[in-house]
Structures are given as structure tokens and as C-alpha cells.
Amino acid sequence: MKLNAKQIENAVIISIEGDLDAKNGPELAQFFKDQMEDNKNFIADFSKVEFISSAGLRVLLGTVKEARRQGGDLRLAATQKNVDKVLTISGFTRIIKIYKKLDEAIKSFSE
Amino acid sequence: MGKKGNDELSNGTFIESEQAVYLYKKHFRGAYARSGAAMLVFFFILIGWRLGTYDLQAFLGCGISALYLILLNPPTLWILKRIRKRKSYAAFSILINILEICGFTAAVYFGGGLRASYLTLIYAGVISYVGVAAPPRTTFLIGMFCMVSFDLIVIIEHLGFIPHQNSVWPYNFQWEDVITICLVINVLFGVVAYMALSTGTILRTHRNNLREKNLELDRSRQELALAKEEVEARVEELDVINHVSMIVNRSLDLKDNLQSVCEELCRIFPVRSALIALSNGDMNSLEVVAFHAIDSKEEKLTGQKIPLEMFSSSTSRIKDQEPVLINDAQTDQRTARMCGYFKLLGIRSFLIAPLLVRSKAIGIIGMPAADPDYEFTKNEIDLLHTLSHQIATAVDNAKLYAQTELALDRAEHELEIGRQIQSGFLPDIMPLTPGWEISSYFEGARQVAGDFYDAFPLGINGNIGVVIGDVCDKGVGAALFMVVFTSLIRAFSEAQHGINDCKKILMNIVPNINNFIARTHDSSNMFATVFFGILEPSTDTLHYINAGHEQPRVVNAKGKIKAVLETTGPAIGLMPDLEFITGQVIFKPGDILVAYTDGVVDARNTQGEAFTEKSLVSYIGKPFTSAFSLLKSLEYQINIHIEKAPQFDDITIMALRRKKSLDDEKHEFGLQATLKNLPLMRRFIEHACRHIRLDENMTSAFKLAADEACTNIITHGYKGQDPGPIKLTFEKESDNVKLSIYDKGRTFDPDDTKAADTESDWEERQIGGLGLFLIREMMDDIHYEGEPVQGNRLILTKKLNVK
Numbered sequence: 001m002k003l004n005a006k007q008i009e010n011a012v013i014i015s016i017e018g019d020l021d022a023k024n025g026p027e028l029a030q031f032f033k034d035q036m037e038d039n040k041n042f043i044a045d046f047s048k049v050e051f052i053s054s055a056g057l058r059v060l061l062g063t064v065k066e067a068r069r070q071g072g073d074l075r076l077a078a079t080q081k082n083v084d085k086v087l088t089i090s091g092f093t094r095i096i097k098i099y100k101k102l103d104e105a106i107k108s109f110s111e
Numbered sequence: 112m113g114k115k116g117n118d119e120l121s122n123g124t125f126i127e128s129e130q131a132v133y134l135y136k137k138h139f140r141g142a143y144a145r146s147g148a149a150m151l152v153f154f155f156i157l158i159g160w161r162l163g164t165y166d167l168q169a170f171l172g173c174g175i176s177a178l179y180l181i182l183l184n185p186p187t188l189w190i191l192k193r194i195r196k197r198k199s200y201a202a203f204s205i206l207i208n209i210l211e212i213c214g215f216t217a218a219v220y221f222g223g224g225l226r227a228s229y230l231t232l233i234y235a236g237v238i239s240y241v242g243v244a245a246p247p248r249t250t251f252l253i254g255m256f257c258m259v260s261f262d263l264i265v266i267i268e269h270l271g272f273i274p275h276q277n278s279v280w281p282y283n284f285q286w287e288d289v290i291t292i293c294l295v296i297n298v299l300f301g302v303v304a305y306m307a308l309s310t311g312t313i314l315r316t317h318r319n320n321l322r323e324k325n326l327e328l329d330r331s332r333q334e335l336a337l338a339k340e341e342v343e344a345r346v347e348e349l350d351v352i353n354h355v356s357m358i359v360n361r362s363l364d365l366k367d368n369l370q371s372v373c374e375e376l377c378r379i380f381p382v383r384s385a386l387i388a389l390s391n392g393d394m395n396s397l398e399v400v401a402f403h404a405i406d407s408k409e410e411k412l413t414g415q416k417i418p419l420e421m422f423s424s425s426t427s428r429i430k431d432q433e434p435v436l437i438n439d440a441q442t443d444q445r446t447a448r449m450c451g452y453f454k455l456l457g458i459r460s461f462l463i464a465p466l467l468v469r470s471k472a473i474g475i476i477g478m479p480a481a482d483p484d485y486e487f488t489k490n491e492i493d494l495l496h497t498l499s500h501q502i503a504t505a506v507d508n509a510k511l512y513a514q515t516e517l518a519l520d521r522a523e524h525e526l527e528i529g530r531q532i533q534s535g536f537l538p539d540i541m542p543l544t545p546g547w548e549i550s551s552y553f554e555g556a557r558q559v560a561g562d563f564y565d566a567f568p569l570g571i572n573g574n575i576g577v578v579i580g581d582v583c584d585k586g587v588g589a590a591l592f593m594v595v596f597t598s599l600i601r602a603f604s605e606a607q608h609g610i611n612d613c614k615k616i617l618m619n620i621v622p623n624i625n626n627f628i629a630r631t632h633d634s635s636n637m638f639a640t641v642f643f644g645i646l647e648p649s650t651d652t653l654h655y656i657n658a659g660h661e662q663p664r665v666v667n668a669k670g671k672i673k674a675v676l677e678t679t680g681p682a683i684g685l686m687p688d689l690e691f692i693t694g695q696v697i698f699k700p701g702d703i704l705v706a707y708t709d710g711v712v713d714a715r716n717t718q719g720e721a722f723t724e725k726s727l728v729s730y731i732g733k734p735f736t737s738a739f740s741l742l743k744s745l746e747y748q749i750n751i752h753i754e755k756a757p758q759f760d761d762i763t764i765m766a767l768r769r770k771k772s773l774d775d776e777k778h779e780f781g782l783q784a785t786l787k788n789l790p791l792m793r794r795f796i797e798h799a800c801r802h803i804r805l806d807e808n809m810t811s812a813f814k815l816a817a818d819e820a821c822t823n824i825i826t827h828g829y830k831g832q833d834p835g836p837i838k839l840t841f842e843k844e845s846d847n848v849k850l851s852i853y854d855k856g857r858t859f860d861p862d863d864t865k866a867a868d869t870e871s872d873w874e875e876r877q878i879g880g881l882g883l884f885l886i887r888e889m890m891d892d893i894h895y896e897g898e899p900v901q902g903n904r905l906i907l908t909k910k911l912n913v914k
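From first to last, the protein sequence lines are chains G and B.
Quick note on this note's numbering: the first sequence kicks off at 1 and runs consecutively.
Quick note on this note's numbering: the second sequence kicks off at 112 and runs consecutively.
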């Protein structure tokens, strides 16, 4: 899994490349945790994520909770079909804001 | 007149100002001493007069002489101060002495007699000791003159030629007395005068020596201090150069480095800011790539274009390759186009150094001094000159690196396209034939190589052509020929329509391709080892020509190697008209043919050890439920062997299996239950789904369900113990697909776990049970058999969408 953080005006874009499974989950959680020290608003760019399991969902839930406690948020962008399906089934679409395009997610933070 | 004794006056015509001050001070001290002595004489005689030992006349005479001695000082000093000629100075000095002696002689005369001798003695001693500007020898002579005068006066007095001045004094010495007294006094005087002279000379010599030494030491000290300063400056300079050099070579990110360099320049030089601007080719316009100002509020110039006249090709300074110092940037012609900016910021003193690479300017360093009137020192200019070389080299290196990277990226990109095109020639899905299973595994090398494989219907009786081959050599050439070979094989095969005899078909295809390649591409010297088989399902026979290829193996249902398919001819394309013969092998139910390229047996690990044919044979020599299972198992073993070593050759394996029954469709994959292997488990599911032609929805459902189930086994089932095995079995039945997951960890009952929370708001949302929830959502049926001894079995079933 490749992770990359890019600071923009109101948030940090976390680009994720790879599968979000139990193997990669802890790494992503730690990455978010490190970023959380200086930031509270996050956009997770899911354009290169083909697979997500409950372990990945757990990381997203933990991160969104922590970000919101700090007055920020975690929003997802550019989720693929298979990932979308899992997010919908697990009811995550009701608690996490998901945008079709990265631009929309970036825009959402400047409103 | 002694030359040695008076070193203060020995050089040159004029007295140097320092010397004059020194001489004057000396005279001044002498004047003090002589005045003191005269006062002493005066008081002595005053007391003598009051006590009656001197009469009034003697007192007045001595008093006037003493006064004369005192009053002589101011005008002589006044004159001495103004004499600059050495000769005049010395003459005047002697004149003063003579005048003083005259005065003193008068005092002696008036004081009279022996008592005056004491005064003379004291005075002469003082004169000799304190000294005047005259040479010591002169002083001595004067002293002697005093002494002789005294002797004469005493004798003349005694003879009665001159009246005895001091009538009060009982003056009735005999001649013997006079001579004795004169002798004693003279000797005493001589000794004192000589001592005064010699000590004076010795002291003077010593003092002069010491002064000389002091001066010398002082000079050395100054020289040392200068040298030290120089060394320190050099050290500091070297330090700076080292530091800057370190910064510029720290990474290849140019802008970052140059930014750090600007910060460093601001630290080293007394400047208000530093900028580095680079040109894009012409030196008329430069773009500021790095800028740092001491005052963080100062407007950043980064990204701005600056016109600098001095760097147009016509100016000569750039050819000198030296830094340019502009004293007033607001009025200087060379910075005329920037003068508005300089005026705004009050910049005047400005130092610019060109960045030169191979004598060609690629940019500049610019530094306005913090103090507008500051004059950059030569050292600073030199230092910047040195630094500019370092920086220029770093910029050049970074550019070259970027160009190389770009070229490499392009080459890599081209290769990637090549690989993609190449793999496009290789079939993704193997043709289906009832009762038979064909599977393939291909892993392209980092660079393009020449492996190929193919499987296609051939003829009218449901025969299937099976090809695996390897073009000699690697690289683009091999890849091109691989395309030629696959195309030729397909084209010649198409032409065999209507022929039933598989041997005849083989003999029509292989020798013809051989001749075609050998004749048409003679000069390329390209050839390929090819295993070309034709499966005849009606007779369960595989007819083949093995043209110099790695020997395929046939493994039976029990896992025994029942046949090794030896070569039946040379590699294709070596030369025309080579002889090929055909071979054949009959398949029993469960028999699997395994054909591979040398990339498999040559696959190296990080230690350079090959996978070897021996291990290949041992890994395939086991019972497998399907050709696909065999390939997956082999792929797993090869990848364990390779680890992270780069792959230099294509790895290609093909497997052909005669099913035990028509619906014998069971694929297995076993591996260790670790999180590291989780992606491999998903990969197996994905490939198995593709192998049995499941749609994307089914595939993703099985992938997720299998991942969740395997994660549970890995993280809970084997928790607190060494990871045990996991086995995935994928079965396709008439109306459903069944995935069984076996493990030997702790049993758990899926029905016991609480329902997942997918409803509550984010603050209350619990994560537990989500994995099982997802499995249930994805699958149509879940069945769990917990078996502490035999192992656990989780069966996930999904119905096939029957149209």
C-alpha cells in the first residue's frame, strides 16, 4: 500500500493506493494518527483503492470519530464501484460524506 | 662625534615624527632633571648664605647661574620641538650642553672652592646619566672639561691669582692638601662619570635592544595575528563552502536545496536577502527559483522574472567569470531596469555572481547588502565566487539527473507499453473443452522478454492447439519475434482447416514455420524453443512436437510423474529444412500436463539461487484437484523462492488436465494463515472466479467474503499460537458456487456473534461483527462446522444467476 499526504488550504488529502484489508489497516490508521497531530480535516482519495474490508472500514470509522471530536472531518473521494458497494451495505454512506470527485471533496471543505 | 652611541639620530636626513616625539620627551625629562638640579644648587647656596658659609656675592652669583640653568630650558625645548634636520638637532643639543656648562662654571666660580666640586660632580653625573641628544662620548668630554676647569680654578685660587671668592671658608690648605683633594675628587669624578657613561651606554644599548626586540616581537605578533585571522577566515570560508556544498548536494530536489543555500548565504554575508535565479537558455531573462530575506516580511521574489542587462551576451564581465560588485544599484547602468525595485527597498550595494557551468552562465546569485553603503570585502567576493561554482555544479547535476530521470521514465514507459502490447498477444482466458481444463500462468519480466503461450480451437473435431514457447534472448528483439511466432502459429493453424490427422497438422505447421523464420529472418539469427501440442479429446491424446523446449511433465491423479515429453526436434528457426517428428501421450482421468519455460527453473532469489527443475518436479509431484490448483500452488512456491529479487525473465507455465468427470470443477489453494498472505488469498479467489467464468459481482462478493473469513481465522482463530494452515476450496456446481475455508485454529460459532451495527450515528457506531455481517450480505448461505481435531470448515455458498 502506498500512502501520500498533500496539504491543501483547508484539509489534507490522503491518497491511498492499494487494498484496505486487515494487513494494511494498521498502517493506514497510524498514518491518519500522525497526520491528526497537525490537521483535523481529511480527504481520503480512494481513486486507487480497489478493495476494502471491515478492517479498512474500522480505520475509517476510528478516524472519522477522532477527526470530528477535534472539530474536523474525514471525507472520502472518488470511491470505486466495489468499495462503494461495501460502504453502502455497511451503512457507512450515512455517517461519512462521500464525493464522486476529488474536486467536490476539496470544495466541500472550503464552504 | 660617536656614531654608534646615538642611534636615535643615525639614519636619514630628517627626523621621523615618531623619533621626534621620542627625542623631545627625552629632552623634556632632561630639562626637568637639570632644572631640579639647579634648584637644588640654588637652595644649597641659599642655606649656605643664611648660615654664613657663603657671602652675599657668592649667593647671588650661584643663584643667577641656577636661574640661568632653569630659564635656559623653555626656549631650548621650544626650538628643539621645531628642528627636523638631524644635523641641526645634534648641533643644537651640544650647544645646549655648552650653554649649561657655561652657566655651571659660573656657579662653580661663585660657589668657589672645593664645595663647588661636589656640585659639579652631581651636575655632571646628572647630565651624563639623564643625557641629552648629544652622543655619550660628548657628554663624557663635557664632564671631563668640568673637572679640569675645577682643578684649574682650585690651583689658580690657591696660587692667589684670582681672589678667593669664598672668604668665609678657612682656606689655608697646603699644596699637598690641594693636590690630594684634586686627585681624590678627580678620581671620584672620573669613576662616576665613566660609570654614568658606561651604564648610560649599556642601559641605552640594552634599552634599544629591548625596544628593537619588542618592536620585532610586536611585528611578529601582528604578523601572527594576521596569519591567525587569515587562517580563521580560511577555515570559516572552508566551513561555509563545505556547508553549502553539503546543502546543495543533500538531495536532488533542486528548489529545496537552493532555498537552503539562500538561507545560508544570508547567514554568511552581511546581506538583507539572497536570491538565486536561473535562466531557461537565454541570459536575458532569469527566473528567481530561490529567495530568502532576513526580514521575513520582505516580499518574496520566488517565481519572478528579472531582466539583468549585464548578462546579455555582449557584456564582458560574464566572460571574466567573476562576481560583479555594484556600488549603487539605483543608478548603475547594468541594473537600470531594476532600479525602481532597488529604490523602493533602499538597496544600493549589490553583489552578483554568475553561476557558470562549462564557462556558460546558467543563472546568478544576487545579494543586496543589509547596509546600503556597505562595501563587500575582497574575501567576501572571493568566497561568493567559490560558492557560486559549487552551486552551479549542483544545479547542473540536478538538471542532468532530472533529464536522465525523464529519459529513464520515458524508456520505462515505452517498455511498459511494450509489455502491455506483448501481454495482449497472450490469451487471458483459455478455451473451454468439455472434460478438459486448461490453465496458464504468466509473469512478465521487468524488461520485455520473449515467452509466449497460446491455446485455441484447431480444426473441426473440437481439437485444441496448445503452445508454449520461448524466443531466445531477451529484450525488445525477443518480444518482436515472440509476436512473429505467435502470429505464424495462429496463421498456419488457421490454414489446417479440414484436416483431421493431428500428426499431419503438426508436421504442416512446425517445419513450415521453421523454414519461414530461418529463410525470412536469416540475418536476425532468431529462434525459439516451442512445445506445440494438439489435444484430441476424442481419443484423450495429446499429439505434440517439442522443438527444443523444456520437457513438459505429465502428472497423474495420484501425483506421480507419468511422462516426460522429450524433445522431438531442434528449436524453430535455427536453419531451414530441419527434421521434426511428433510424439503423443494419452491422458487418463486426472492426468495433468505441465509445460513451462526456462524462466521458471531459472527464477532467482536475492542470493542468486535458481528455483531449479528439481524443486519444480517435487512441487508438481502431488495430487491436485485441478490444473488451476497446480498452477496456483506452483506460483506460490516460486514467489516464496523469489521473494523480493527482481525478475529478469518471463515466467510462463501452462497446465492441461483431463477432468475426472464432466462437472469436476474444484480448485484448491493452501497456505499459511498470516496477514501477509491475505492478498494472495484474495488473488486466488479472483483468479479462480475468472477461471470458472464468474461475473464481476460474484467475484467481488467472494473476494470480500473470503477476505473477512480468512482475517477472522488469522486474527482470532490462530490468536496466541503459531499461524497454522488455511485452505481455500472453490467448487462450481450446477447452480451454485461453493467456497470452503478450512483451518485448524480455535472454533467459533458465527451465530454467537452479535449483530453488526450499521444503523446508529457515528458517535455511537460500533465496529464489532461487521466482518461477519459483510460475509452474510455477500453470500446466500453460510455453514460452519467446528471440528477441534479435524479442523474447522466454513462453507460459503452463492447461487449462480441462472438465466
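Virtual Cβ for every residue (Gly too), placed ideally from N, Cα, C.
All values reported here derive from a predicted model rather than from experimental measurement.
Quick test of your reading: Leu907(B) and Leu839(B), contact by CB under 8 Å. State the CB separation rounded to the nearest angstrom. With a Cβ gap of about 10 Å, Leu907(B) and Leu839(B) do not count as contacting.
Ala845(B) burial status per 10 Å Cβ neighbour count (16 or more: buried): Before going on, a small fix: residue 845(B) reads as Ser here, not Ala. Of the other Cβ atoms in all chains shown, fewer than 16 fall within 10 Å of the Cβ of Ser845(B); this residue is therefore exposed.
Would you check if the distance between the CB atom of Ile96(G) and the CB atom of Val59(G) is smaller than 9 Å? For Ile96(G) and Val59(G), no; Cβs fall outside 9 Å.
Can you give me the Cβ contacts of Gln70(G) inside the same chain, cut-off strictly under 8 Å, excluding the 5 residues immediately before and after it? The beta carbon of Gln70(G) sits closer than 8 Å to those of Met36, Lys40, all from its chain and outside the five residues before and after it, given in chain order.
Contact with chain G by Trp547(B), beta-carbon distance below 9 Å: Chain G, which has no Cβ nearer than 9 Å to the Cβ of Trp547(B), makes this no.
By DSSP, does Tyr485(B) sit in helix, in strand, or in coil? DSSP places Tyr485(B) outside both helix and strand once states are collapsed to three, so it counts as coil.
Same chain only: Cβ atoms within 7 Å of Tyr564(B), ignoring 5 sequence neighbours per side: The answer, listed in chain order, is Leu537, Ser551, Phe553, Val578, Ile579, Thr763, Met765.
Anticipated Cβ contact below 8 Å, Asp713(B) with Glu661(B), distance rounded: Actually they do not touch by this definition, with Cβ atoms about 10 Å apart.
Local conformation of Ile886(B) per DSSP, three classes: Here Ile886(B) sits in helix by DSSP.
Range of the contiguous beta strand (DSSP E) that encloses Val848(B): That run of the beta strand (DSSP E) goes 847-854.
When you check each C-beta in the stretch 780-794 of chain B against every C-beta of chain G, which residues fall closer than 8 Å? In summary, the residues of the stretch 780-794 of chain B whose CB is separated from some CB of chain G by less than 8 Å are Leu786, Lys787, Leu789, Pro790, Arg793, in the order they occur in the chain.
Can you pull the DSSP bridge partners for His654(B)? Ile645(B), Gln695(B), per the DSSP bridge assignment.
Residues in the stretch 9-27 of chain G with C-beta within 7 Å of chain B's C-beta atoms, listed in sequence order? Answer in chain order: Asp19, Asp21, Ala22, Lys23.
Is Lys33(G) close to chain B, meaning its C-beta is less than 9 Å from at least one C-beta of that chain? No, no contact with chain B.
Relative to the C-alpha of Arg869(B), which residue among Ile13(G), Ala77(G), Asn10(G), Arg94(G) is closest? Position check: residue 869(B) holds Thr in this sequence, whereas Arg was assumed. The candidate whose alpha carbon is nearest that of Thr869(B) is Arg94(G).
Closer than 7 Å by beta-carbon distance: list the chain G residues that pair up with Arg876(B), in chain order. Taking the beta carbon of Arg876(B) as reference, the chain G residues within 7 Å of it are Leu61, Ile95, listed in sequence order.
List the residues of chain B whose Cβ lies closer than 9 Å to the Cβ of Val49(G), in chain order. Per Cβ cutoff of 9 Å: no residues; Val49(G) is ~13 Å from chain B at best.
Reduced DSSP secondary structure (H/G/I, E/B, other) of Thr544(B): Here Thr544(B) sits in strand by DSSP.
is_contact[Leu102(G), chain B] using C-beta, thresh 9 Å: No, its Cβ sits nowhere closer than 9 Å to a Cβ of chain B.
Which residue's Cα is closest to the Cα of Gly570(B): Leu436(B), Asp612(B), Ile600(B)? That would be Asp612(B), whose Cα lies nearest to the Cα of Gly570(B).
Quick one: list the residues of chain G neighbouring Leu881(B), beta-carbon separation under 8 Å, in chain order. Those within 8 Å of Leu881(B) in chain G are Ser54, Leu57, Arg58, Ser90.
Would you say Glu724(B) lies against chain G (beta-carbon separation less than 9 Å)? Chain G, which has no Cβ nearer than 9 Å to the Cβ of Glu724(B), makes this no.
Can you check DSSP and say which residues form a bridge with Leu742(B)? DSSP lists no partner for Leu742(B).
Quick check on the DSSP output: the alpha helix (DSSP H) that includes Gln30(G) runs from which residue to which? Where Gln30(G) is concerned, the enclosing alpha helix (DSSP H) starts and stops at 25-36.
Kindly list the residues whose CB is nearer than 7 Å to the CB of Leu386(B), restricted to its own chain and excluding five residues on each side of it in sequence; keep chain order. So the list reads Cys373, Val399, Ala401, Phe402, Leu412, Gly477, once near-sequence residues are dropped.
Pick out whichever of Val621(B), Lys673(B), Glu888(B), Phe627(B) has its Cα sitting closest to the Cα of Tyr655(B). Nearest C-alpha to Tyr655(B): Val621(B).
Tyr829(B) - DSSP class collapsed to helix/strand/coil: DSSP places Tyr829(B) in coil when its eight states are reduced to three.
Bridge partner(s) assigned by DSSP for Gly477(B): In DSSP, Gly477(B) forms a bridge with Leu386(B), Ile463(B).
Around the Cβ of Arg768(B), are there at least 16 other Cβ atoms within 10 angstroms (buried) or fewer (exposed)? That one is buried.
Would you grab the beta carbon distance between Asp818(B) and Ser53(G) for me? Rounded to a whole angstrom, and I think it's under 8 Å. Confirmed, about 5 Å.
Pair every Cβ in the stretch 682-690 of chain B with every Cβ in the stretch 666-674 of chain B, then say whether three or more of these pairs are closer than 8 Å. Judged by Cβ distances under 8 Å, the stretch 682-690 of chain B makes no contact with the stretch 666-674 of chain B, as fewer than three pairs qualify.
In whole angstroms, give me the CA-to-CA distance for His798(B) and Asp539(B). Those two C-alpha atoms are separated by around 11 Å.
Met637(B): buried (16+ other C-beta within 10 angstroms of its C-beta) or exposed? Result: buried.
Between Lys85(G) and chain B, is there a C-beta pair that is closer than 9 Å? Taking Cβ atoms only, chain B reaches closer than 9 Å to Lys85(G), which makes this a yes.
Closer than 9 Å by beta-carbon distance: list the chain B residues that pair up with Arg68(G), in chain order. Under the 9 Å cutoff, chain B gives Trp873, Glu874.
Are there 16 or more other CB atoms within 10 angstroms of the CB of Trp873(B), so buried, or fewer, so exposed? Counting Cβ neighbours within 10 Å, Trp873(B) comes out exposed, since fewer than 16 surround it.
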